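Residue numbers (the working numbering): 82 to 397. Data first, discussion second: the structure below is written as structure tokens.
Written out as structure tokens, the structure is:
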């Protein structure tokens, strides 16, 4: 089997160490374990953090493991199918192309490390699940939206930033983040964006939209409205050249940039400037801001009777 082992991922770093010593790397592929296992396997955890322990914490009990038959490794006991073998040093075979997370083929066919399968074990009547990567939305992009949103939010909160929410829209394929935040001082949006890039899960984010705390980052309608009405087309857009990029997999990069992983980022500042006088900040034209209380109560009191449904949190 052909393998993609990017150096940005732990498996690539481990294989590099084996290959430097001219040793085969024992490996096992567990297919069809409980959903928390493949989800956590995609999380960009720090080095030496055990993914199995994280998966156990998320599901509320340890992940049961069993010994492999032919290699000194353990795999989840719930796996439907397990491939056992080794990846030999300095062996390459042509592999690809195939669909990737960003919705396009992953470049051209190219030499990749080879996983030599020595044994296959499986449950009775096993089910072979797989992710058919391609144009949005598929399960890979849904998982990415969930994982990256939570990871980057947690990292920004650790930094003490007044963040209200972080969302990676599935259609943004992990390349775009929306961050809602308080803005305590001038140009704070840029600080927030660079803080995202300073985190491991946020490193390969290329489009960062920063909105005020009163904008719901999970509501794309509100985000687009903020972008179209609050982001100055010149002063509110800040390109950042030469950011780290995932080699080969970024469609917007020129061929040489793809080869080098030389990417770029951009910040969309959709917050009201802190150096504007208060009277220059437009007031939202909402029911709460424009109409007397008695009118509001009358309208909202009959909202469901008019055939409408209450929104999230009781909002109309």
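The beta-carbon is built from N, C-alpha and C at its ideal position, and this holds for glycine as well. For clarity, every value in this text was computed on a predicted model and none was experimentally measured.
{"Item": "Going by DSSP in three states, residue 390 sits in which element: helix, strand or coil?", "Value": "coil"}
{"Item": "How would you label residue 387, buried or exposed, when you count the other beta carbons within 10 angstroms and need 16 or more for buried?", "Value": "exposed"}
{"Item": "Extract the residue ranges of the beta strand (DSSP E) inside the region 118-196, only unbroken runs of 3 or more that lie entirely within it.", "Value": "146-148, 155-157 and 162-176"}
{"Item": "Between the C-alpha atoms of residue 259 and residue 331, what's the straight-line distance to the nearest angstrom?", "Value": "20 Å"}
{"Item": "From which residue to which residue does the beta strand (DSSP E) around residue 311 run?", "Value": "Counting along the chain, residue 311 falls outside any beta strand (DSSP E), though it belongs to the alpha helix (DSSP H) covering 301-311."}
{"Item": "So if DSSP puts residue 351 in a beta bridge, which residue, or which two residues, is it bridged to?", "Value": "292"}
{"Item": "Once you ignore the five residues that flank residue 230 on each side, which residues in its own chain have a CB closer than 7 Å to its CB?", "Value": "247, 248 and 249"}
{"Item": "In the DSSP output, what is residue 240 paired with across the bridge?", "Value": "Residue 240 pairs with nothing; no bridge assigned."}
{"Item": "Pick helix, strand or coil for residue 319, following the three-state DSSP scheme.", "Value": "strand"}
{"Item": "Could you please give me the residues that DSSP links to residue 247 through a beta bridge?", "Value": "260"}
{"Item": "Under three-state DSSP, which class holds residue 364?", "Value": "coil"}
{"Item": "Roughly how many angstroms separate the alpha carbons of residue 292 and residue 300, rounded to a whole number?", "Value": "12 Å"}
{"Item": "Between the alpha carbons of residue 163 and residue 148, how many angstroms are there, rounded?", "Value": "11 Å"}
{"Item": "Since residue 364 contacts residue 370 with CB under 8 Å, what's their CB separation in whole angstroms?", "Value": "6 Å"}
{"Item": "Per DSSP, what are the beta-bridge partners of residue 233 in this structure?", "Value": "Answer is none; residue 233 lacks a bridge partner."}
{"Item": "Have a look at 198, 390 and 355 and flag the residue whose alpha-carbon is nearest the alpha-carbon of residue 105.", "Value": "198"}
{"Item": "How would you call residue 256, buried or exposed, if buried means at least 16 neighbouring beta carbons within 10 angstroms?", "Value": "buried"}
{"Item": "Quick check: the Cα distance between residue 196 and residue 152, rounded to an integer number of angstroms?", "Value": "13 Å"}
{"Item": "Applying the criterion that 16 or more other CB atoms from any shown protein chain within 10 Å of the CB defines a buried residue, is residue 41 buried or exposed?", "Value": "Beyond the ends of the chain as shown, which are 82 and 397, falls residue 41; an answer cannot be given."}
{"Item": "Taking all protein chains shown into account, do 16 or more other C-beta atoms lie within 10 angstroms of the C-beta of residue 380, making it buried, or fewer, making it exposed?", "Value": "exposed"}
{"Item": "Can you grab the Cα-Cα spacing for the pair residue 355 / residue 305, in whole Å?", "Value": "21 Å"}
{"Item": "Using the C-alpha atoms, what's the distance from residue 349 back to residue 202?", "Value": "50 Å"}
{"Item": "Rounded C-beta distance between residue 140 and residue 159? I'm assuming under 8 Å.", "Value": "That pair is no contact at about 11 Å."}
{"Item": "Quick check: the Cα distance between residue 338 and residue 346, rounded to an integer number of angstroms?", "Value": "13 Å"}
{"Item": "Name the one or two DSSP bridge partners that residue 203 has.", "Value": "162"}
{"Item": "Mind checking who residue 107 pairs with in its DSSP beta bridge?", "Value": "167"}
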